[in-house]
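The next block holds one structure in the form of structure tokens; read it before the comments.
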Amino acid sequence: WVAGFITFFFPGLQSPLRASYMPVHIFFGLGGFVGAVAAALMGLTEKALWKVT
Numbered sequence: 004w005v006a007g008f009i010t011f012f013f014p015g016l017q018s019p020l021r022a023s024y025m026p027v028h029i030f031f032g033l034g035g036f037v038g039a040v041a042a043a044l045m046g047l048t049e050k051a052l053w054k055v056t
């Protein structure tokens, strides 16, 4: 989180460095999003299973 903030909001950083960091930023952003969605779905599944039994 901090690395992305520094990379994209620090005005003195050069564009090639930002461009080289972008794939890493996208990878970890998507990974975090997929993890959050998976956790939410597991929670909903657990709640539904407890309601059935």
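Using my numbering, read the sequence shown as starting at 4 and increasing by one per residue.
Backbone N, C-alpha and C define an ideal beta-carbon position, used for all residues, glycine too.
{"query": "Residue 41 to residue 26 span [Cα, whole Å]", "result": "22 Å"}
{"query": "Residue from 50, 7, 52, 54 whose Cα sits closest to the Cα of residue 28", "result": "7"}
{"query": "Contact check, residue 21 vs residue 11, beta carbons under 8 Å", "result": "yes"}
{"query": "Three-way DSSP call (helix, strand, coil) for residue 26 in this model", "result": "helix"}
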